[in-house]
Amino acid sequence: MGVARAALVALGAVTVSAAGATAMQQAAHESCGLVDLGTHRLYACEYGVGPVTIVLDSGMREDSRAWGSVVHDLASFARVITYDRAGLGQSDPGPEPRTATVMASELRELLERMRATGDLILVGHSAGGWRVRKLAEMIPDRVAGVLLLDSPHEDFESFRLSTLDERARAERARDLAASRADLPRGVRLEYEGLENVAGELEGSFPDVPLVVVSAGEHAWVPPALSETHESGWLRMQRRLAELSPRGRLLVAEGAGHGIQRDDPALVVRLIRELVDSTPVIMGQAPPPTSATNAFYYYADVEAAWTFYRDVLGFETVVDYGFAKILRVAPASYLTLVDAERGMHSADEPKSVTLAIVTEDVEAWYEHLTERGVPMRSEYAFREGQPHDGFVAVDPEGYYLEFERFNPHAENERLMPVLGQIEPLKGPGRAPELTVQATVLWLYYDDLRPVQDFYEALLGVDLLVDQGWAKVYQASSTGFIGLVDGSRGLHQATEEKGVTVSFFTADVDAWFERAQSLGMELRTPELTDESGRVRVFVGYDPDGYFMEWDTFLDVEGNERLLELLRAVEP
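Residue numbers (this note's numbering): 2 to 570.
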């Protein structure tokens with residue numbers, strides 16, 4: 002998901018091009034596609050999630066593929082955006098002339114369209130340094146740091162020509178003209194547009210950390226003037242570092258002009274330092290979550306309600322007619338929705354399992370078999386296992402796993418959490434049929450980027466590691482389980498007949514957090530649904546719908562609000 006989902010889906014371009022294959026395809030949380038700026042479209046990719054966005058701008062003659070050696074590592078700790086400039090790679094031609102100001106303005110517009118609303122770390126290689134410097138002048142309040150990789154000072158070419166005699170200057174002019182003659186039109190236009198770049202870079206540079214990295218191995222022509230040119234180059238690199246009171250210069254010994262390819266570890270380390278020096282939301286506690294919830298979608302919502310209310314004995318705390326909210330555990334809920342009025346259809350794959358965590362697995366199994374509830378797997382106790390239970394099937398095919406977590410090394414962090422929960426007894430349900438908590442199991446092709454996403458979003462560490470399944474705590478009794486789809490009860494699917502939901506007293510703060518983390522939003526603004534609830538919806542990296550809800554103090558919400566206030570953190 003990621004890059005302005007609506008723009009990409011409309012163009013059918015949520016794929017990686019063959020040209021963009023290589024290391025970038027391995028990056029976490031990847032999406033690529035064309036983003037419409039109004040006058041033309043730019044091809045952009047984003048990787049990873051986080052409140053800080055790293056923007057990578059490549060040098061002359063290069064497009065986004067220039068960053069393949071570093072983008073995967075960068076995506077492990079931040080959101081990363083690469084792009085093809087207009088007329089290069091897969092982007093459309095853009096307005097002329099192609100000056101630094103024009104290109105920086107297009108990059109600013111691209112970032113707005115991609116909702117890169119948090120702090121920015123700008124990284125420019127070679128001539129890309131001119132564009133990120135210009136962008137930093139345009140939006141100084143948005144920039145948290147800048148890294149220039151062997152980026153020439155705008156006066157260096159004039160200095161270099163001054164060291165040559167008339168004949169050598171003429172030869173250099175002929176060589177440059179010949180080397181550019183067969184270049185793609187977009188590149189030639191950039192050379193022409195940047196001839197007067199010095200006049201465009203006269204604005205003030207923001208007071209932010211600035212790292213200027215010079216290559217240690219330049220191949221100057223003519224070789225006889227190498228020492229003179231290198232000395233002048235470093236003198237001007239120091240001038241670049243002095244643009245900011247927090248600037249510094251270092252030399253990448255052994256690296257040529259393409260520093261990100263010759264020494265990718267250095268580039269990643271320096272960017273990581275810039276990110277770590279930024280006040281980020283990831284280090285702050287997330288807004289409170291009162292309870293977890295899942296929306297399930299039914300062709301016959303009344304029949305499903307009868308099952309959950311009468312057979313399972315879950316209390317109905319809200320009845321909106323087309324939607325029924327039931328309490329499953331002290332801070333865990335399930336909402337049954339008429340599919341004709343919901344965000345999903347009843348025919349979409351039910352790629353979710355709701356685990357009912359209970360010490361009373363045997364009693365639940367006996368109760369459900371007596372009621373004729375179909376089973377996906379029978380109950381079978383095995384001594385020494387970290388958990389045991391069985392899987393039942395609801396009236397329209399959603400899986401319900403009744404599960405007991407046992408004292409085991411795998412559960413050493415979970416057991417104390419469960420031990421603090423008073424099991425819930427349902428109204429009209431046999432007293433031995435209690436529920437401690439819930440785990441909402443979700444299914445993925447690749448767990449690593451999803452783990453990064455949920456850890457950043459929820460501000461939590463891994464609680465249970467089953468190898469192919471990971472568990473995180475989202476409310477006092479609500480847990481999120483991430484499962485390898487090749488080994489779970491379900492496979493990973495593109496469509497999913499479920500919405501993961503969080504009840505909170507502060508939906509505005511969650512909306513702010515989601516935006517700062519660069520989360521892709523289905524609803525770009527908070528909405529008020531029928532005067533009952535304030536809500537927004539986003540997507541996780543694999544497309545699961547995620548919703549945050551704050552219920553308003555109105556008729557019909559009384560019982561739910563009473564229960565939520567009792568468990569508010």
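Virtual Cβ for every residue (Gly too), placed ideally from N, Cα, C.
Nearest CA to the CA of residue i: which residue from the options?
i    : options                   : result
V312 : V534, A457, G429 and T164 : G429
P153 : A169, R173, G125 and G146 : G125
A578 : R134, Y48 and M104        : This structure cannot settle anything about residue 578, because the visible part of the chain is limited to 2 through 570.
E341 : Q261, S333, P246 and Y297 : Y297
E379 : G385, Y400 and P396       : Y400
L241 : L202, V222, E274 and D277 : L202
S205 : I140, V318, L177 and L369 : I140
Y299 : R168, V71 and P350        : P350
S227 : Q238, T164, A286 and R186 : T164
E63  : R262, W549 and Y366       : R262
A199 : V188, V534, G130 and A364 : G130
P207 : I122, S245, E526 and W549 : S245
A67  : L108, S127 and R109       : S127
S291 : F382, D543, F504 and D529 : F504
V568 : T293, E191 and L275       : T293
D554 : R535, P570 and D543       : R535
L123 : L275, R175, F160 and F512 : L275
V362 : V392, D507, V461 and L337 : V392
R247 : G532, L148, E521 and F537 : L148
G187 : V209, A174 and G90        : G90
L459 : N412, H41, A510 and A145  : A510
So, at 7 Å on beta carbons, what are the nonlocal neighbours of residue i in its own chain, with the 5 sequence-adjacent residues on each side left out?
i    : result
L111 : V36, L38, L43, A45 and Y84
E563 : none
G486 : Y444, Y445, D446, Q492 and A493
G1   : With the chain running from 2 to 570 in the structure shown, residue 1 is simply not present.
L561 : V318, V319, I326 and F552
Cutting at 6 Å between CB atoms, please list the residues of its own chain near residue i, excluding the five before and the five after it.
i    : result
L335 : A295, L327 and V329
A7   : Confidence at A7 is low in this model, with a pLDDT of 27, below 50, so its placement is unreliable and the value that follows should be read with caution. Same-chain partners within the cutoff: there are none.
Y309 : F315 and L327
F480 : V440, V472 and Q474
H258 : D151 and A216
R239 : L250
E243 : none
M25  : Unreliable positioning characterises M25 in this predicted model, as indicated by a pLDDT of 31, which lies under 50. A coordinate reading is not provided.
G146 : I122, V209, P210 and L275
Under DSSP, the alpha helix (DSSP H) around residue i begins and ends at which residues?
i    : result
V209 : Counting along the chain, V209 falls outside any alpha helix (DSSP H), and DSSP gives it neither H nor E.
Q91  : Taken as a continuous stretch (DSSP letters only), Q91 belongs to no alpha helix (DSSP H), as it is neither H nor E.
M139 : G129 to M139
E231 : S227 to A242
D277 : P265 to D277
G187 : R186 to G194
D74  : V72 to L75
V508 : V508 to S517
A295 : Premise fails: A295 lies in the beta strand (DSSP E), A292 to Y299, not in any alpha helix (DSSP H).
Quick one: what does DSSP say residue i is sitting in, helix, strand or coil?
i    : result
K351 : coil
R116 : coil
A24  : Note that A24 scores a pLDDT of 31, beneath 50, so its modelled location is shaky and nothing firm can be said.
W442 : strand
T528 : strand
N412 : helix
D151 : coil
Q452 : helix
G146 : strand
I422 : coil
R377 : strand
F382 : coil
Y321 : coil
If you follow the beta strand (DSSP E) that residue i is part of, which residue opens it and which one closes it?
i    : result
W549 : F546 to F552
V81  : R80 to Y84
S159 : Note, S159: premise wrong, no beta strand (DSSP E); alpha helix (DSSP H) at F157 to S163.
L337 : S333 to D339
P479 : It should be noted that the sequence gives Gly, not Pro, for residue 479. Element bounds for G479: G479 to D485.
R405 : Y400 to F406
Y366 : Careful: Y366 lies outside any beta strand (DSSP E), inside the alpha helix (DSSP H) at V362 to E371.
A324 : A324 to A330
Beta-carbon within less than 8 Å of residue i's beta-carbon, same chain only, minus the 5 sequence neighbours each way: which residues are those?
i    : result
P185 : G88 and L89
Stretch pair the region 55-67 + the region 76-86: three plus CB contacts closer than 8 Å: Yes, since at least three Cβ pairs between the region 55-67 and the region 76-86 fall closer than 8 Å, the two stretches touch.
The region 444-455 / the region 463-475 touching (three or more Cβ pairs under 8 Å): Note that the region 444-455 touches the region 463-475; at least 3 beta-carbon pairs, one per stretch, sit closer than 8 Å.
Three or more C-beta pairs below 8 Å linking the region 343-351 and the region 425-443: Too few Cβ pairs lie closer than 8 Å, so no.
Sufficient close CB pairs (3 or more, under 8 Å) joining the region 238-256 to the region 215-225: The region 238-256, when compared against the region 215-225, does touch it at the 8 Å Cβ threshold.
Cβ contact check for the region 489-496 and the region 259-276: 3 or more pairs under 8 Å: These segments do not touch.
Touch test, the region 170-182 against the region 229-249, Cβ-Cβ under 8 Å, three pairs minimum: Segments in contact, no.
Inter-stretch contact at 8 Å, needing at least 3 Cβ pairs: the region 65-78 / the region 100-108: At 8 Å Cβ cutoff, the stretches do not touch.
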